[in-house]
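Each remark here refers to the structure printed beneath this line.
2 protein chains.
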Amino acid sequence: MLHEEVVGRIRDILLDGEIPPGARIPERELCERLEISRTPLREALKVLAAEGLVQLLPHRGSRAAKLTDKDMRDLFEVCQGLEALAGELACERITDRKIAEIAAAHAAMVQHYREGDLLQYYRGNRAIHEGIVNAAGNPVLAALYATVTARIRRARYVTPMTPQRWALAVSEHEAILNALQRRDGAGLSHILRAHLRHKREEVLQAGFAETETSELALKIA
Amino acid sequence: MLHEEVVGRIRDILLDGEIPPGARIPERELCERLEISRTPLREALKVLAAEGLVQLLPHRGSRAAKLTDKDMRDLFEVCQGLEALAGELACERITDRKIAEIAAAHAAMVQHYREGDLLQYYRGNRAIHEGIVNAAGNPVLAALYATVTARIRRARYVTPMTPQRWALAVSEHEAILNALQRRDGAGLSHILRAHLRHKREEVLQAGFAETETSELALKIA
DNA sequence: TGGATCATTTTTGCATTCAAAATAGAGATG
DNA sequence: CATCTCTATTTTGAATGCAAAAATGATCCA
Numbered sequence: 006m007l008h009e010e011v012v013g014r015i016r017d018i019l020l021d022g023e024i025p026p027g028a029r030i031p032e033r034e035l036c037e038r039l040e041i042s043r044t045p046l047r048e049a050l051k052v053l054a055a056e057g058l059v060q061l062l063p064h065r066g067s068r069a070a071k072l073t074d075k076d077m078r079d080l081f082e083v084c085q086g087l088e089a090l091a092g093e094l095a096c097e098r099i100t101d102r103k104i105a106e107i108a109a110a111h112a113a114m115v116q117h118y119r120e121g122d123l124l125q126y127y128r129g130n131r132a133i134h135e136g137i138v139n140a141a142g143n144p145v146l147a148a149l150y151a152t153v154t155a156r157i158r159r160a161r162y163v164t165p166m167t168p169q170r171w172a173l174a175v176s177e178h179e180a181i182l183n184a185l186q187r188r189d190g191a192g193l194s195h196i197l198r199a200h201l202r203h204k205r206e207e208v209l210q211a212g213f214a215e216t217e218t219s220e221l222a223l224k225i226a
Numbered sequence: 006m007l008h009e010e011v012v013g014r015i016r017d018i019l020l021d022g023e024i025p026p027g028a029r030i031p032e033r034e035l036c037e038r039l040e041i042s043r044t045p046l047r048e049a050l051k052v053l054a055a056e057g058l059v060q061l062l063p064h065r066g067s068r069a070a071k072l073t074d075k076d077m078r079d080l081f082e083v084c085q086g087l088e089a090l091a092g093e094l095a096c097e098r099i100t101d102r103k104i105a106e107i108a109a110a111h112a113a114m115v116q117h118y119r120e121g122d123l124l125q126y127y128r129g130n131r132a133i134h135e136g137i138v139n140a141a142g143n144p145v146l147a148a149l150y151a152t153v154t155a156r157i158r159r160a161r162y163v164t165p166m167t168p169q170r171w172a173l174a175v176s177e178h179e180a181i182l183n184a185l186q187r188r189d190g191a192g193l194s195h196i197l198r199a200h201l202r203h204k205r206e207e208v209l210q211a212g213f214a215e216t217e218t219s220e221l222a223l224k225i226a
């Protein structure tokens with residue numbers, strides 16, 4: 006198994022919440038499961054620590070990083086900035102073909118919304134946002150976006166969704182697609198910011214906080 | 006020596022150009038120099054690879070990352086986005102005290118400009134940009150900014166500077182300070198973008214390119 | 001019974017070792 | 001003389017082993 010694959014596997018384990026935030030990362034167990042020794046595992050953990058998904062405590066091992074409200078706010082803020090930038094660049098560079106692809110993804114997502122399939126809706130949602138970021142044609146931007154969204158993903162796609170909020174999100178997505186089709190960079194950038202600001206408010210209001218509170222909730226459950 | 010320290014030491018070696026872009030990283034030699042064994046060294050290299058400073062070639066070791074023109078453009082583009090965001094946030098959050106500090110740094114930098122001390126000018130320049138980014142009060146943003154600027158630093162502070170360009174840069178910095186003092190987020194953001202766009206043009210026009218061309222130059226030299 | 005102290009076990013971090021892969025070099029061949 | 005092939009050496013990537021640090025828990029004493 007290649008180094009990058011090890012990193013990816015552990016990242017998935019963390020993002021799936023299989024090792025909950027704040028929990029110790031069981032080295033030996035993971036070694037057995039991934040069928041590797043401690044050396045490559047530890048290399049991967051250091052990389053994930055640099056990404057912010059893992060917290061290293063000298064002489065006390067590693068834990069799945071636990072996000073505070075402040076962390077979450079900061080991450081959303083940066084995510085907004087990155088998506089806004091991506092939106093502007095995408096409008097300058099995107100091909101008609103790519104726009105058509107995103108329009109198709111949008112239609113599919115709306116269909117999932119109509120069917121009330123939240124999971125598929127989130128999948129489609131993510132595909133659209135990633136599509137815009139990729140259309141910016143800037144791999145550096147895409148890579149940073151990937152690490153930032155990875156860190157907030159759990160909260161983002163776990164927050165309960167009221168009908169009103171969901172409807173708002175879908176209408177915002179209509180505007181997003183519209184701006185993209187008009188290649189209105191400033192407009193797209195603006196809408197994306199608002200869209201993410203709303204999402205952030207949802208997440209934070211949902212009393213997200215991977216803090217003692219939700220630790221407690223986990224223990225009770 | 007702590008893990009983070011090892012990463013920092015190697016990062017400095019790379020940023021100082023002691024191992025030039027594209028060159029193989031001599032594992033054994035670095036081990037001796039840092040007085041560590043290969044295990045922690047390789048952990049650090051993988052982290053630096055994730056940061057983009059090192060390129061890992063499976064079964065062929067690691068090299069100091071070599072930036073193409075495209076990489077440089079992408080990095081500047083992202084840097085612009087991050088600084089623009091930081092500028093907006095800083096205007097909302099910065100204290101009078103912090104503004105005074107940055108004003109002082111600005112005055113010092115102008116003094117270095119008048120004296121024609123390019124190295125000190127660059128130092129001051131960097132302090133101001135970092136000051137603004139830190140004033141945004143967003144550690145996630147600050148961390149991403151640090152990695153992006155690290156990657157372009159060499160080119161940024163090595164490019165030759167014509168009197169015209171230098172004068173322009175200083176006048177832009179006057180405008181930056183001005184916008185900050187007025188807490189004009191939109192204005193600051195706008196100026197920072199223009200400032201970085203100019204810097205990028207300088208660097209790229211200077212025929213930067215850590216490519217075959219400069220490889221050749223290195224070999225000849 | 002509560003808590004402090006010290007031995008035992010476990011875990012961590014790193015050096016070393018070992019197998020596999022890549023590179024270099026000598027010799028053969030056209 | 002250039003090129004190809006096959007072996008020897010080096011280098012890489014990962015498993016193991018070992019010393020130091022931390023966690024555990026057993027014992028003693030107030």
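Chains as they are written, first to last, in our numbering: chain A, 6 to 226; chain B, 6 to 226.
No residue lacks a Cβ here, since even glycine has one placed at the ideal position from N, Cα and C.
Keep in mind the model is a prediction, meaning the values are calculated, not measured.
Check whether chain A comes within 8 Å of residue 155 (chain B), counting only Cβ atoms and requiring the distance to be less than that. No, because no Cβ of chain A sits closer than 8 Å to the Cβ of residue 155 (chain B).
So which of B:78, B:119, B:139 has the shortest CA-CA distance to residue 228 (chain A)? With chain A covering 6 to 226 only, the question about residue 228 (chain A) has no answer from this structure.
Report, in whole angstroms, the separation of the C-beta atoms of residue 82 (chain A) and residue 193 (chain B), which I expect to be a contact under 8 Å. About 16 Å separates the two Cβ atoms, so there is no contact after all.
Nearest CA to the CA of residue 121 (chain B): which residue from B:167, B:14, B:9? The option with the nearest alpha carbon to residue 121 (chain B) is B:167.
Per DSSP, residue 69 (chain A) forms a beta bridge with which residues? Paired residues: A:59.
By alpha-carbon positions, which one of B:124, B:93, B:117 ends up nearest to residue 186 (chain B)? Of B:124, B:93, B:117, the residue nearest in Cα terms is B:93.
Using the beta-carbon count (16 or more within 10 Å), is residue 124 (chain A) buried or exposed? Residue 124 (chain A) should be labelled exposed.
Of the choices B:76, B:66, B:63, whose alpha-carbon is the least far from that of residue 57 (chain B)? Comparing Cα-Cα distances from residue 57 (chain B) to each of B:76, B:66, B:63, the minimum goes to B:76.
Take every Cβ of the segment 45-56 of chain A, pair it with every Cβ of the segment 47-61 of chain B, and state whether three or more of those distances are shorter than 8 Å. Inter-segment contact for the segment 45-56 of chain A and the segment 47-61 of chain B is present: three or more beta-carbon pairs are separated by less than 8 Å.
Return the bridge partner residues of residue 29 (chain A) from the DSSP annotation. According to DSSP, residue 29 (chain A) bridges with A:68.
Run through chain A and tell me which residues come within less than 9 Å of residue 134 (chain B), C-beta to C-beta. Here the premise fails: no neighbours, minimum Cβ distance about 16 Å.
What residues of chain B sit near residue 86 (chain A), judged by a beta carbon separation below 8 Å? Near residue 86 (chain A) (Cβ distances below 8 Å), the residues of chain B are 86, 87, 89, 90, 146.
Would you mind listing the alpha helix (DSSP H) stretches within the segment 134-218 of chain B that are 4+ residues and don't spill past its ends, in chain order? Fully enclosed alpha helix (DSSP H) runs of 4 or longer: 144-161, 168-186, 190-210.
What residues from chain B crowd round residue 123 (chain A), counting only those whose CB sits closer than 7 Å? Within chain B, no residue has its CB atom less than 7 Å from the CB of residue 123 (chain A), the nearest being about 27 Å off.
Enclosing alpha helix (DSSP H) for residue 7 (chain B) [first to last residue]: For residue 7 (chain B), there is no enclosing alpha helix (DSSP H), since its DSSP letter is neither H nor E.
Shorter than 8 Å from the beta carbon of residue 206 (chain B) to some beta carbon of chain A? Not one chain A Cβ lies under 8 Å of residue 206 (chain B).
Cβ of residue 8 (chain A) within 8 Å of any chain B Cβ: Interface residue, yes.
Would you say residue 74 (chain A) faces chain B, with C-beta separation under 8 Å as the test? Taking a beta-carbon distance threshold of 8 Å, residue 74 (chain A) does not count as an interface residue toward chain B.
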